[in-house]
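Protein chains in written order, with the numbering used here: chain A, 472 to 735; chain B, 13 to 645. All C-beta atoms in this analysis are idealised placements derived from N, C-alpha and C, irrespective of residue type, glycine included. Below is one structure, written out as structure tokens; comments come after it.
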Amino acid sequence: MRIAVLLSAGLHPVSGAPVLPRLEAQAIRMAAGLGQSAEIVGLHAGPDAAALAEALGQGLPRIEHIAVAAGDDPVPALAARLAAITPDLILAGRRSQGGDESGLVPYALARALAIPLVSDVVAAALDAEGALRLDQSLGRGALRRVVVRGPVIVTCHPDAPAPLAYAYGRARRGRVETLAVAPAALPVSALAVEERPYRRRPKIVKGAPAGGSAAERLKAATGEGGAASSGRLLIEPDPEDAAREILAYLRQIGVLAPPAEPKT
Amino acid sequence: MTSFMPLTTVFPGLVWLMAALALVQGLRRAALWRVGAPASVAWLDGLAKLPRRYLVDVHHVVARDAYASRMHAVVAGGLLASSILTALAILPPLADFRPYWFLVALAFGVTAVGSLLVGARRYPVKQKRLSAGHFQILPFLLLAYAIGGTITALLLAFGAGGGVFGSVALALAAAGGLGLAYEVRHGPMRHAAAGALHLVAHPRPGRFEGRPDTALQPLDLNAPRLGSEMPADFTWNRLLSYDACVSCGRCEIACPAFAAGQPLNPKKLIQDLVAGLSPTEPAYAGNPYPGGRAAEGERGALARLIGPDARIHPDTLWSCTTCRACVEECPMMIEHVDAVVSLRRYETLERGALPEKAVVPVTELRQSGDPGGRPLASRTDFAAGLDLPRIADRETVDVLLWLGEGAYDLRYGRSLRALVRLLREAGVDFAVLGAEERDTGDLARRLGDEATFQALARENIATLAKYRFTRIVTADPHALHALRNEYPAFGGHYTVTHHTALLLELIRAGKLKPGRLPDLSVTYHDPCYLARYNGETEAPRAVLDAIGVTRSEMTRSGRRAMCCGGGGGAPVSDVPGERRIPDIRMAQAAETGAGIVAVACPSCTAMLEGVTDRKAEIRDVAELLLQAVEAGR
Numbered sequence: 472m473r474i475a476v477l478l479s480a481g482l483h484p485v486s487g488a489p490v491l492p493r494l495e496a497q498a499i500r501m502a503a504g505l506g507q508s509a510e511i512v513g514l515h516a517g518p519d520a521a522a523l524a525e526a527l528g529q530g531l532p533r534i535e536h537i538a539v540a541a542g543d544d545p546v547p548a549l550a551a552r553l554a555a556i557t558p559d560l561i562l563a564g565r566r567s568q569g570g571d572e573s574g575l576v577p578y579a580l581a582r583a584l585a586i587p588l589v590s591d592v593v594a595a596a597l598d599a600e601g602a603l604r605l606d607q608s609l610g611r612g613a614l615r616r617v618v619v620r621g622p623v624i625v626t627c628h629p630d631a632p633a634p635l636a637y638a639y640g641r642a643r644r645g646r647v648e649t650l651a652v653a654p655a656a657l658p659v660s661a662l663a664v665e666e667r668p669y670r671r672r673p674k675i676v677k678g679a680p681a682g683g684s685a686a687e688r689l690k691a692a693t694g695e696g697g698a699a700s701s702g703r704l705l706i707e708p709d710p711e712d713a714a715r716e717i718l719a720y721l722r723q724i725g726v727l728a729p730p731a732e733p734k735t
Numbered sequence: 013m014t015s016f017m018p019l020t021t022v023f024p025g026l027v028w029l030m031a032a033l034a035l036v037q038g039l040r041r042a043a044l045w046r047v048g049a050p051a052s053v054a055w056l057d058g059l060a061k062l063p064r065r066y067l068v069d070v071h072h073v074v075a076r077d078a079y080a081s082r083m084h085a086v087v088a089g090g091l092l093a094s095s096i097l098t099a100l101a102i103l104p105p106l107a108d109f110r111p112y113w114f115l116v117a118l119a120f121g122v123t124a125v126g127s128l129l130v131g132a133r134r135y136p137v138k139q140k141r142l143s144a145g146h147f148q149i150l151p152f153l154l155l156a157y158a159i160g161g162t163i164t165a166l167l168l169a170f171g172a173g174g175g176v177f178g179s180v181a182l183a184l185a186a187a188g189g190l191g192l193a194y195e196v197r198h199g200p201m202r203h204a205a206a207g208a209l210h211l212v213a214h215p216r217p218g219r220f221e222g223r224p225d226t227a228l229q230p231l232d233l234n235a236p237r238l239g240s241e242m243p244a245d246f247t248w249n250r251l252l253s254y255d256a257c258v259s260c261g262r263c264e265i266a267c268p269a270f271a272a273g274q275p276l277n278p279k280k281l282i283q284d285l286v287a288g289l290s291p292t293e294p295a296y297a298g299n300p301y302p303g304g305r306a307a308e309g310e311r312g313a314l315a316r317l318i319g320p321d322a323r324i325h326p327d328t329l330w331s332c333t334t335c336r337a338c339v340e341e342c343p344m345m346i347e348h349v350d351a352v353v354s355l356r357r358y359e360t361l362e363r364g365a366l367p368e369k370a371v372v373p374v375t376e377l378r379q380s381g382d383p384g385g386r387p388l389a390s391r392t393d394f395a396a397g398l399d400l401p402r403i404a405d406r407e408t409v410d411v412l413l414w415l416g417e418g419a420y421d422l423r424y425g426r427s428l429r430a431l432v433r434l435l436r437e438a439g440v441d442f443a444v445l446g447a448e449e450r451d452t453g454d455l456a457r458r459l460g461d462e463a464t465f466q467a468l469a470r471e472n473i474a475t476l477a478k479y480r481f482t483r484i485v486t487a488d489p490h491a492l493h494a495l496r497n498e499y500p501a502f503g504g505h506y507t508v509t510h511h512t513a514l515l516l517e518l519i520r521a522g523k524l525k526p527g528r529l530p531d532l533s534v535t536y537h538d539p540c541y542l543a544r545y546n547g548e549t550e551a552p553r554a555v556l557d558a559i560g561v562t563r564s565e566m567t568r569s570g571r572r573a574m575c576c577g578g579g580g581g582a583p584v585s586d587v588p589g590e591r592r593i594p595d596i597r598m599a600q601a602a603e604t605g606a607g608i609v610a611v612a613c614p615s616c617t618a619m620l621e622g623v624t625d626r627k628a629e630i631r632d633v634a635e636l637l638l639q640a641v642e643a644g645r
């Protein structure tokens, strides 16, 4: 199995130093977890390879650095290189971290290479037939299992296992190869990007009543006005009954599999 | 045999035979050390200083246990004297001089008394900290040699050599003596041979020169292998030093992790390094690692030492607080902490196998210069409302105040505010680096991440080179140790003073005029990195005495104080144990009945203040002094 991990030029959120974004470090761990036989390569397109040594230290044995002038779109070059090495799985972070990255490169690549993209993945495993079993985060702890076959782009969610420790010795052993790649001829994306300063906005609570008392609004915000309020109230129940109720509820909201199916 | 040769020849011959056997056994052992990495050793200097190192430095440690000291003086002195005197009797004039044999008999007699003292520690009940195994037969071997020797020498002195009685006595001496010589390879007597060589070729000769040679040795980051994976990665004189271990167990009594039931026993760790080197080493017979994990895994010079399936479990390695209590107590001058850090360096630098909870702080240290990933500019937030001058605004300054990681901590901010107010009160010309101060990298270095430490050290040294100051003052002994002792290897030479030493200076110069607080009962807890690593135990006590508090000492204090559990990355590694180290320390503080535990280190403050159900208050020395100064107005 061939895996490519896309590496961006992120910055540390506090110090502003060029660092490997945490999501990509998690992606490297995810790639390493897919078996010893996997051939993993990091891929970075950009003007310099300063922060790439860190990705080597996270366990990537080899990184291909495609020299792209500052300010140029890295997507055509990445698309050309990915088309040449045909990885079975392309891993990327799900958003940018402070640098020049847009967070849109995985999507642009999926379109350029015409392969599917599965976003926000927290766990990846290989099943017996060689298909990828991906657990996709739907937010608030809910997961959806996706089974895909063939080349796919997967973006990593922050809830994926934490990055492994950086090892200086691995960074020293790994190699960064700088390649000159002729960019693929891609239709110029008509993506209209507007830049404006970030403005924090209040979180909009779905279905929140505009009026009413503060207590009612709180009830609505915490979900007690909705599905939760229709729950059954048991007072000092038998432990067996309580356990049964909890199991039934967990099955109802999809955290546990229905009882009839065998456990995975 | 006596019929062929006179006893006056056979008896000295026996001692020469013992010496030859001991030499052979010693050389067989020494062959193993040759697998170690090369090390430069000042042989002539070491040999010349051996007697002093033994009689002064080793004795200083041994004498802490008065019984062991007397026992060793009698038995080792007797053994050496009787053996040398007997060996010299190979010269006919001495052999024929009967009063000489009285002298020999006297020496053997002393040895016999010493042997009984050795035996009394092990029979009928062995002292808990001692190892059994081959050590249990040592008193018998000694006694056989001593009694056999005494009788033989007395027979010769009375001119009654030969006969059945003489043969039996000689056979007894031979059994004991040859047994002792045989034990030089695997048994108890190895400590004598390896110990003497270790004193000559000690990897830290500075510790015998009266200065605290405690800085970790810098690692060459271009070396083919970083740190130690297997016994062969240690330098040969380190392998030799582990063989010097006499399994006395003083280290395990001192070890805070052992006391807390974490899976570390310094004696077993050293013995695992010994057994890891030699597959034929007899089984370990001392107290196990708490948790009782059996030794497993391959052995040999090229066998992996650390791993869940190897001789030393990673949890053992990460339990160490690097407090150096074991090193301080070791009569054989073994450097346990160096071994731990060397093994950690391999785990961290080559394998990235840091404990899970330590990954984030070390990553943040590397990426942002602070283990909490906090903005460097907010380090001075604790001083909101105080006038804290930045060194960047000053041409030159007398004191550069190094704030350290504690500045981010709300509790420790109180101590630093007290210190800043005292400096103001005394009119000290001081400034801070502000946002330019990065962590010293102490945490990374103790956890084996030498690369991050060196990067931080270079950045800090470059920052400090921009400014002109007379000295650095810090309230953090960990920062003090790094700046004073470890930065010189990277080109940063500074005069570094602990805040307690500066405060004492200011009191003595009359710049601070504290009132007296006789109502406070205080016990002072020595920080490891100040007391043991830097030998500074007096200044904080003198400050406390100057403010007239009622001061009592804990049983373990000064250079022999017990760790609070906050060093060496132990809080972030967080290896589970049966108890918590700070709880044990606070219980010791409670024994003194003092209402206040005075501290002088941000780690100690945090660890001791985190103890639940504590009866005593935790106050930094600076806080107490400020209270006294305010009372004196």
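DSSP-derived helix/strand/coil call for residue i
i              : result
V352 (chain B) : helix
E517 (chain B) : helix
F394 (chain B) : helix
T452 (chain B) : coil
Y358 (chain B) : helix
R597 (chain B) : helix
T14 (chain B)  : Low confidence applies here, because T14 (chain B) scores a pLDDT of 42, under 50, leaving its location unreliable; read the following figure in that light. T14 (chain B): coil per DSSP, three-state reduction.
Distance, residue j Cα to residue i Cα
i              : j              : result
G90 (chain B)  : T164 (chain B) : 16 Å
A88 (chain B)  : V70 (chain B)  : 14 Å
G5 (chain B)   : D461 (chain B) : Lying outside 13 to 645, the shown extent of chain B, residue 5 (chain B) is not represented and no answer is given.
A524 (chain A) : G506 (chain A) : 23 Å
A661 (chain B) : T452 (chain B) : Nothing can be reported for residue 661 (chain B), as the shown portion of chain B is limited to 13 through 645.
L588 (chain A) : V625 (chain A) : 6 Å
A563 (chain A) : A541 (chain A) : 21 Å
A315 (chain B) : R423 (chain B) : 47 Å
C575 (chain B) : V619 (chain A) : 54 Å
P614 (chain B) : P387 (chain B) : 19 Å
F442 (chain B) : Q568 (chain A) : 39 Å
E603 (chain B) : A719 (chain A) : 55 Å
G222 (chain B) : A213 (chain B) : 17 Å
P236 (chain B) : A51 (chain B)  : 16 Å
L638 (chain B) : H72 (chain B)  : 38 Å
First through last residue of the beta strand (DSSP E) which encompasses residue i
i              : result
V485 (chain B) : 480-486
R616 (chain A) : 613-619
F442 (chain B) : 442-444
S608 (chain A) : 603-610
G513 (chain A) : 510-517
D632 (chain B) : 629-632
S564 (chain B) : 562-564
S533 (chain B) : 533-536
Proximal chain A residues relative to residue i, where beta-carbon distance stays under 9 Å
i              : result
T387 (chain B) : The identity of residue 387 (chain B) in the sequence shown is Pro, whereas the question assumes Thr. Simply V485, S486.
G381 (chain B) : S486, A488
Residue-chain proximity (residue i, chain C), Cβ-Cβ < 8 Å
i              : result
T475 (chain B) : Considering every chain present, this structure includes no chain C. Its protein chains are A and B.
Interface partners of residue i on chain B, CB under 7 Å
i              : result
V512 (chain A) : Within chain B, no residue comes near V512 (chain A); the closest Cβ sits about 19 Å away, beyond 7 Å.
Chain A contact residues for residue i, given Cβ-Cβ distances below 8 Å
i              : result
T375 (chain B) : P634, A636, Y637
N-terminal and C-terminal residue of the alpha helix (DSSP H) that residue i is part of
i              : result
C263 (chain B) : 262-266
Y66 (chain B)  : Premise fails: Y66 (chain B) is in no alpha helix (DSSP H) and is neither H nor E.
Y135 (chain B) : No alpha helix (DSSP H) holds Y135 (chain B); DSSP gives it neither H nor E.
| Residues from the stretch 340-368 of chain B in contact with chain A, defined by Cβ distance under 8 Å | Hits within the stretch, in order: T360, L361, E362, R363, G364, A365, L366, E368.
| Using Cβ-Cβ distances below 7 Å, what residues of the stretch 640-652 of chain A are close to chain B? | So the close ones are G640, R641.
| said: Using a Cβ-Cβ cutoff of 9 Å, what residues of the stretch 551-579 of chain A are near chain B? List them in chain order. | reply: Against chain B - using a Cβ distance shorter than 9 Å - the stretch 551-579 of chain A contributes no residues.
| field | Residues of the stretch 220-238 of chain B with Cβ closer than 9 Å to any Cβ of chain A, in chain order | value | Residues passing the 9 Å Cβ filter: L233, N234, R237, L238.
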